[in-house]
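Encoded as structure tokens, the structure appears first; notes follow it.
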């Protein structure tokens with residue numbers, strides 16, 4: 041909550057509030073909180089837990105199916121900033137985050153807890169074992185920082201994984217200029233589908249429009265070694 045820099049001018053979206061443990065702390069600092077909870081069993085518990093806070097609204101809905109843009113227009117008319125603050129459900133962390141970020145909603149920052157391995161992938165550097173498609177695509181939309189880890193012993197019941205808290209800042213303007221973002225994503229996807237193979241081999245395997253020789257020529261043209269692997273390319277390299 042401290043990392044989210046909340047004030048009485050900030051509206052917060054929470055995903056998966058559970059029994060409201062985090063929600064209470066958010067509500068004390070933010071102007072308004074809208075929490076999405078999919079489990080019907082938790083709705084009456086949340087109603088009781090959050091009864092003292094008149095600035096909290098719980099929506100019983102799957103965040104992956106929710107019209108968040110319309111909710112923001114309706115609920116956050118009188119806030120200056122919007123933040124997502126949440127302990128994300130670990131099994132759908134990536135679809136939730138990427139689903140929100142790719143929609144380019146008017147959200148100023150995300151402070152979320154997730155499995156440590158996912159946080160490592162979001163913040164990895166080219167060439168590292170954690171660097172992959174998620175790193176490239178997420179960096180296209182936002183800058184991500186890892187803040188701290190949370191040990192299994194901090195939870196009950198104790199999970200088998202370590203957690204991490206990250207902070208994401210959506211880009212106000214694209215970090216790279218490309219004519220076709222979707223095509224760039226396909227190139228990155230093909231590169232990481234066979235990450236141990238040379239980029240020219242991985243890309244030629246993914247298309248029948250261009251042969252290996254033509255792709256190799258293009259790779260050299262943008263100043264990269266013909267035998268480079270896709271896992272070593274930065275976001276700028278993929279854009280080029």
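Residue numbers (this note's numbering): 41 to 280. Each residue gets a CB set at the ideal place from its N, CA and C atoms; glycine is no exception. Here the structure is a predicted model, which is why all the values come from computation and not from measurement.
Requested in this report: Specify the secondary structure class of residue 234 as computed by DSSP and reduced to three states.
Outcome: Along the chain shown, read from residue 1 onward, the residue named residue 234 stands at position 194. Residue 234 falls in the coil class under three-state DSSP.
**Item:** Top-ranked residue by Cα proximity to residue 247, from 258, 173, 230
**Value:** Here residue 247 corresponds to residue number 207 of the chain shown, with the count starting at 1. Residue 230 is the option with its Cα nearest to residue 247.
Exercise for review: Using three-state DSSP, classify residue 164 as helix, strand or coil.
Suggested key: Looking up residue 164 in the chain shown gives position 124. DSSP places residue 164 in coil when its eight states are reduced to three.
#### Entry: Cβ-based neighbour list, residue 158, same chain, cut-off 6 Å, excluding 5 preceding and 5 following
Here residue 158 refers to the residue found at position 118 of the chain shown. If you ignore the 5 residues before and after residue 158, its C-beta comes within less than 6 Å of the C-beta of 133, all in its own chain and listed in chain order.
Straight-line CA distance for residue 150 to residue 75?
Taking the first residue of the chain shown as 1, we reach residue 150 at position 110. Taking the first residue of the chain shown as 1, we reach residue 75 at position 35. So the two alpha carbons sit approximately 14 Å from each other.
- Task: Give the DSSP-derived three-state secondary structure of residue 187 in the structure shown.
- Result: Translated into positions along the chain shown, residue 187 becomes position 147. Three-state DSSP puts residue 187 in a strand.
Practice prompt. Please classify residue 278: is it buried, with 16 or more other beta-carbons within 10 angstroms of its beta-carbon, or exposed?
Written response: The residue you call residue 278 lines up with position 238 of the chain shown. That one is buried.
Worksheet item: Where do the N-terminal and C-terminal ends of the alpha helix (DSSP H) with residue 113 fall, by residue?
Response: On the chain shown, position 73 is the one that residue 113 refers to. Per DSSP, residue 113 belongs to the alpha helix (DSSP H) from 108-115.
Problem set entry | Three-way DSSP call (helix, strand, coil) for residue 206 in this model | By 1-based counting over the chain shown, the position of residue 206 is 166. Strand at residue 206.
Check your understanding: Are the Cβ atoms of residue 41 and residue 59 separated by less than 8 Å?
Key -> Walking along the chain shown from the start, residue 41 turns up at place 1. Walking along the chain shown from the start, residue 59 turns up at place 19. Between residue 41 and residue 59, the CB-CB gap reaches or exceeds 8 Å.
Supposed contact pair residue 275 and residue 179 - C-beta distance, whole angstroms, cut 8 Å
Your numbering for residue 179 matches position 139 in the chain shown. Your numbering for residue 275 matches position 235 in the chain shown. Beta-carbon to beta-carbon, residue 179 and residue 275 are separated by about 5 Å, close enough to satisfy the 8 Å threshold.
Notebook entry, point to check: Is it buried or exposed for residue 77, if we count other Cβ within 10 angstroms and need 16 for buried?
Noted result: The residue given as residue 77 occupies position 37 in the chain shown. So residue 77 ends up on the buried side.
**Asked** Hey, would you say residue 128 sits closer than 8 Å to residue 55, going by beta carbons?
**Response** Along the chain shown, one-based indexing puts residue 128 at 88. Along the chain shown, one-based indexing puts residue 55 at 15. Yes; because the gap between Cβ atoms is below 8 Å, this pair is in contact.
- prompt: What residue range is occupied by the uninterrupted beta strand (DSSP E) comprising residue 68?
  reply: On the chain shown, residue 68 is found 28 positions in, with the first residue counted as 1. For residue 68, there is no enclosing beta strand (DSSP E); the enclosing alpha helix (DSSP H) covers residues 61-69.
Quiz item: Just reading off the alpha helix (DSSP H) that residue 258 is part of, what are its end residues?
Solution: Translated into the one-based positions of the chain shown, residue 258 becomes position 218. Judged by DSSP secondary structure, residue 258 falls within the alpha helix (DSSP H) whose first and last residues are 252-261.
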